[in-house]
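Student: Have a look at this one before I ask anything.
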Amino acid sequence: MFPTVKIRLEGCDPDLLYYVFLDVVPVDDRRYRYVYNKSSWLTAGKAEPSPDTRIYLHPDSPFPGRQLASQIELDM
């Protein structure tokens, strides 16, 4: 996925299991592309219809709280 999403989780109980989800919500009905030499996003036409489910479950879920507390960043 581009751009990558990195998160840090704090305050997790080390003995519990946690599922990590990402809810992807479209901001409008347009597609965007990143232009590297301008370091900016430009519209690139109309977007495809949104899928019925926008939720992305991290493939390594569930995570023990102990692991989430020791991991500096979690890549989505």
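Using UniProt numbering, the letters of the sequence shown correspond one by one to residues 1 to 76. Virtual Cβ for every residue (Gly too), placed ideally from N, Cα, C. As the structure is a prediction and not an experimental result, all values here were calculated from the model.
#1: How far does the beta strand (DSSP E) with S40 in it extend, from its first residue to its last?
#2: Which residues mark the beginning and the end of the alpha helix (DSSP H) in which L68 is found?
#3: How do the stretch 9-19 and the stretch 39-54 stand: do at least 3 beta-carbon pairs fall below 8 angstroms, yes or no?
#4: Looking only at DSSP bridge pairs, what is V20 linked to?
#5: Leaving out five residues before and five after P26 in sequence, what residues of the same chain have Cβ atoms less than 7 angstroms from its Cβ?
#6: Where do the N-terminal and C-terminal ends of the beta strand (DSSP E) with Y32 fall, by residue?
Tutor: Well, looking at it:
#1: Looking at the DSSP string, the run of the beta strand (DSSP E) that includes S40 is S40 to K46.
#2: G65 to S70
#3: no
#4: DSSP output for V20 lists no bridge partner at all.
#5: A47 and S50
#6: Where Y32 is concerned, the enclosing beta strand (DSSP E) stretches over R30 to V35.
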